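Going by the working numbering, the residue at position 199 of the sequence shown is 654; the numbering climbs one at a time, nothing skipped.
All residues carry an ideal CB built from backbone N, CA and C; glycine is no exception.
Remember, it's a predicted structure, so these values are computed and weren't measured experimentally.
Presented below is the structure to which this report refers.
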Amino acid sequence: MAKILIKGGRVISPAQKLDDICDVLIEKGKITAIGKKLDSKGTEVIDASGKVVTPGLVDIHVHLRDPGLEYKEDIASGTLSAVTGGFTAVACMPNTDPVNDSQTVTSYILKKAADEGHCRVFPIASITKGLDGESLTEMGELRALGVYAVSDDGKPVSNPQLMRRAMEYAKPFGLTITSHAEDLDLVGSGVMNEGPVSTELGLKGIPWVSEDSATAREVMLAEFTGAHLHVAHVSTKGSIDIVRQAKKRGVNVTCEAAPHHFTLTDDAVRGYNTNAKMNPPLRSEEDREAVRQGIADGTVDAIATDHAPHHIDEKNVEFSIAMNGIVGLETALPLTLKLVEEGVIDLPKAVALLTCGPAESLGLPVGQLEVGGAADITVIDPNLEWTVEAQKLASKSKNTPFDGWQMKGAAVCTIVAGKIAYKRG
Ligand code: DOR
């Protein structure tokens with residue numbers, strides 16, 4: 456394997472408190488030196504002047520759709536989409552077909568990722584068998600295979616007694632419970648955020664209280680059991696505040712926010728745009744602002760995409776029956792950098808939210824840039840301007856509300872375990 460020298464970039468690694476113009480040397484899959492004016496003899500040089508060099512980006516909320524739903528995405532296409540967006544590690548959700556509720560499916564994902572994947576893949580197993588909301592998976596066995604978190608994402612665990620038991624089971628194994636916090640009775644037949652826009656469009660609404668009440672329950676159960684709770688895709692002012700207050704009390708809770716929730720509001724649904732339909736839904740301006748505030752004050756630990764590929768035939772239908780979700784791996788980085796441009800956070804904080812923040816949220820052994828560590832590195836051009844063209848995305852699916860958007864910032868080189876997995880242009 457060739458030696459690689461990343462030269463003259465602004466190297467930012469929040470976990471190492473590193474922010475300096477320097478070189479990074481990679482040999483045999485590892486970082487062997489970080490310093491000024493390193494010797495380039497015998498190396499492949501990547502000129503990073505004017506660029507930002509970070510630990511490989513980490514996305515802890517991705518739907519790879521493999522096994523069973525490969526017409527939407529598979530492990531090869533999903534991880535290609537990941538490295539194109541600058542991600543070197545993804546954690547994939549278990550709502551596949553079959554559901555990842557067993558060592559068999561987890562092993563299949565790990566094997567296929569090793570054979571065909573472009574980046575590291577950490578399978579998240581389900582909390583309940585077949586996502587049935589009734590019986591718990593064998594969490595100890597799953598942990599032994601390298602599972603770091605369990606989740607019924609896409610669905611809540613509605614029964615609080617079962618969630619209590621899940622937390623009590625997960626805790627001694629050091630497993631994180633990633634919660635899809637939603638009260639289905641309060642959601643009813645809602646298909647978008649409940650508010651003036653849903654009224655105007657004549658669509659049934661999903662009220663914020665369906666998320667807030669579920670988040671409050673999860674936080675209380677985490678407080679009661681001491682288990683580590685990670686709240687997925689927080690989208691409301693109330694949920695952000697519930698997590699903020701819980702952290703102040705010392706509850707073992709982390710949370711993530713998705714780029715679409717801090718960028719868009721339910722206004723994007725106008726025109727019955729099914730590419731603006733997801734769960735949780737795009738909310739009000741007040742909610743969007745609260746999510747941004749939570750990102751700024753440290754309530755939000757991670758930015759995670761909820762990359763949810765769907766076939767055109769599942770989106771090109773009337774709004775109420777369209778599938779929930781959008782692809783996000785290739786637009787997350789510039790949308791996060793936009794927060795920097797808008798003064799919500801600074802650049803090192805943005806890097807933290809895409810690297811060590813998500814890694815620490817699930818306890819994943821990634822998100823660092825240090826001598827002796829794995830050479831998972833992303834070289835970012837923060838000034839590169841480009842236009843999103845949905846049809847050209849590396850993902851198999853094209854369901855993005857950002858088609859045609861002018862973006863600033865992109866990964867120009869993504870290195871996984873010392874190998875160049877993606878180079879722009
Ligand atoms: O929009 C969503 N899509 N939210 C979820 O919770 C599930 C996901 C999916 O699997 O498509």
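For the 8 Å CB-CB criterion, Met862 and Val834 do not form a contact. Annotation for Arg879: no alpha helix (DSSP H) segment contains it, and DSSP assigns it neither H nor E. The beta carbon of Ser562 sits closer than 8 Å to those of Leu600, all from its chain and outside the five residues before and after it, given in chain order.
If only uninterrupted beta strand (DSSP E) runs of at least 3 residues are considered, those enclosed by the segment 662-720 are 684-686 and 708-712. Between the segment 502-514 and the segment 804-815 there are three or more inter-stretch CB-CB distances shorter than 8 Å, so the stretches are counted as touching. Its chain contains Ile467 and Pro803 as the residues whose beta carbon lies nearer than 6 Å to that of Asp474, once the 5 sequence neighbours on both sides are disregarded; these appear in chain order. The C-beta of Ser590 has fewer than 16 other C-beta atoms within 10 Å across all chains shown, which makes the residue exposed.
For Phe542, the secondary structure class from DSSP, reduced to helix, strand or coil, is strand.
Cα atoms of Met618 and Ile582: separation of roughly 9 Å, rounded to the nearest angstrom.
When Lys703, Pro578, Ala849 and Ser557 are compared, the shortest CA-CA separation from Lys878 is found for Ala849.
Look at Phe857 here: in three-state DSSP terms it is coil, with no helix or strand label. The segment 746-766 and the segment 821-837 do not touch, with fewer than 3 CB-CB distances between them shorter than 8 Å. Secondary structure of Ala830 (DSSP, three-state): coil. When the beta-carbon positions are compared, Ile530 and Ala580 stay at least 8 Å from each other. Taking Ser816 as reference, the option from Leu684, Thr786, Asp667 and Ile776 with the minimal CA-CA separation is Leu684.
In this structure, the ligand DOR has no non-hydrogen atom nearer than 7 Å to the beta-carbon of Asp552. In chain order, Ala457 and Ile459 place their CB closer than 6 Å to the CB of Glu499, counting only its own chain and leaving out the 5 sequence neighbours on each side.
Asp521 and Gly464 have their alpha carbons spaced roughly 36 Å apart. Boundaries of the alpha helix (DSSP H) harbouring Cys811: Cys811 to Leu817, taken from the DSSP string. At least one heavy atom of the ligand DOR sits closer than 7 Å to the Cβ of Asp761. DSSP places Pro789 in the uninterrupted alpha helix (DSSP H) bounded by Ala787 to Glu796.
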